[in-house]
Amino acid sequence: MVDDDDDETECQKPKRAKDAAYYREKMLLCKQEEAGIQLNVEQADWKDDTDDESDDQELEAHYMYMAKIQEVFPDVVDSGPIFDTEPEQK
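What follows is the structure, given as structure tokens:
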């Protein structure tokens, strides 16, 4: 006799780390889909499995953080790289 719980355990895929490669692959699959390129079954399944609201919120928070730290102020643009200058003494 086969236990149904064993079948469920075997079908579960290990969680993949959400690193740069993860987001790059997800972005490329979304761009392919938007361009009308049909994804193969494995790609479509992976994309569907990774689509959830918490990921979207996490990614949006990351983008907002990156935009905030990359802001450039007009008076800083002409001053050159900060690491090439000596610290100012006050």
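The sequence shown begins at 1 in UniProt numbering and counts up by one. Cβ atoms here follow ideal geometry from the backbone N, Cα and C, with glycine treated the same way.
The three-state secondary structure of Q38, taken from DSSP, is coil.
Contact annotation: K18 and K47 have beta-carbon atoms that are not nearer than 8 Å. For the 8 Å CB-CB criterion, L28 and L39 do not form a contact. If the five residues before and after Q32 are omitted, its C-beta is found closer than 7 Å to the C-beta atoms of L39, all from its own chain and listed in chain order.
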